[in-house]
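Participant:
Residue numbers (my numbering): 12 to 229.
This is how it looks when you write it as structure tokens:
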């Protein structure tokens, strides 16, 4: 059975996300500029890279390797087209973050925006253990009223996501990350239309966690 994200066209997804009544593509772009420049890292894995929104802020003099991770191979083809200037450092990998975490490469940092919602906390923990980054920067969507998908002409392209969507809670994500050795070092809120908001949570590894099991050693 295919993941619903494999069936959603990038054009429809981006057109929905950039509507004035949604404004998530624009907000994400603004936040990602800071994500890529905040910490002393030379490699990053971007979970759920989609069409590559925000990759224009990758400083080529800072990063030696950028991994674009997504389950939709068509998205990744578009990323390679759009960001050909990054071809020396950008590697796009078609990986299912639920079932193929063992294929993930190691990196200094993980950027995971609007992806934990679709894989769940446990799978996210497993993916982070595999990549073993020093820093993790996440953006989650909090719905203070109404549906988790904003009303738009593209609304029904997301119908299949109901089966994999998980409601996010800031405190729960903090707790789950703490379990695998990461503590919050920065939080930021960005208000959106329709009673929604983005919350960015940045984590730093404070214990060297094993990739297998839940033990942490100094």
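From the three backbone atoms N, C-alpha and C, an ideal C-beta is built for every residue, glycine too.
1) Less than 8 Å between the beta carbons of residue 56 and residue 115, yes or no?
2) First and last residue of the alpha helix (DSSP H) that includes residue 27?
3) With residue 92 as the anchor, note down where its alpha helix (DSSP H) starts and where it stops.
4) Can you pull the DSSP bridge partners for residue 145?
5) Comparing alpha-carbon positions, which option in 100, 154 and 62 lies nearest residue 89?
6) Are the Cβ atoms of residue 76 and residue 100 separated by less than 8 Å?
7) Please report the distance separating the alpha-carbon of residue 229 from that of residue 188.
8) May I have the straight-line CA-CA distance separating residue 132 from residue 172, to the nearest angstrom?
9) Please name the residue or residues paired with residue 179 in a DSSP beta bridge.
10) Using DSSP's beta-bridge definition, name the partner residues of residue 198.
11) Within the region 38-80, note down every full beta strand (DSSP E) run reaching 3 residues or more, in order along the chain.
12) Report the partner residues of residue 207 according to the DSSP bridge assignment.
13) Is it buried or exposed for residue 217, if we count other Cβ within 10 angstroms and need 16 for buried?
14) For residue 122, which of helix, strand or coil comes out of DSSP?
15) Use the C-beta contact count for residue 32: other C-beta atoms within 10 angstroms, 16 or more gives buried, fewer gives exposed.
Facilitator: According to the data block:
1) For the purposes of this step, residue 56 is taken as the residue at position 45 of the chain shown. For the purposes of this step, residue 115 is taken as the residue at position 104 of the chain shown. For residue 56 and residue 115, yes; Cβs fall inside 8 Å.
2) Taking the first residue of the chain shown as position 1, residue 27 is located at position 16. Counting along the chain, the alpha helix (DSSP H) containing residue 27 begins and ends at 21-28.
3) Position 81 of the chain shown, counting from 1, holds the residue named residue 92. Looking at the DSSP string, the run of the alpha helix (DSSP H) that includes residue 92 is 84-93.
4) By 1-based counting over the chain shown, the position of residue 145 is 134. DSSP, once it has assigned bridges, lists no residue as partnering residue 145.
5) In the chain shown, the residue the question calls residue 89 occupies position 78. Among 100, 154 and 62, the Cα nearest to that of residue 89 belongs to 62.
6) As a position in the chain shown, residue 76 is number 65, starting the count at 1. As a position in the chain shown, residue 100 is number 89, starting the count at 1. Yes, Cβ-Cβ distance for residue 76 and residue 100 is below 8 Å.
7) Looking up residue 229 in the chain shown gives position 218. Looking up residue 188 in the chain shown gives position 177. Here the model assigns residue 229 a pLDDT of 32, short of 50, so the residue's position is not dependable and the matter cannot be decided.
8) Taking the chain shown and counting its residues from 1, the one referred to as residue 132 is at position 121. Taking the chain shown and counting its residues from 1, the one referred to as residue 172 is at position 161. Computed Cα separation, rounded: 16 Å.
9) The residue given as residue 179 occupies position 168 in the chain shown. In DSSP, residue 179 forms no bridge with anything.
10) Here residue 198 corresponds to residue number 187 of the chain shown, with the count starting at 1. Beta-bridge pairing links residue 198 to 212.
11) 54-58
12) One-based indexing of the chain shown puts residue 207 at position 196. Its beta-bridge partners are 154 and 203.
13) Here residue 217 refers to the residue found at position 206 when the chain shown is read from its first residue. Exposed: under 16 other Cβ atoms inside 10 Å.
14) As a first step, residue 122 is located in the chain shown; it is residue number 111 there, counting from the start. Residue 122 falls in the strand class under three-state DSSP.
15) Position 21 of the chain shown holds residue 32. It counts as exposed.
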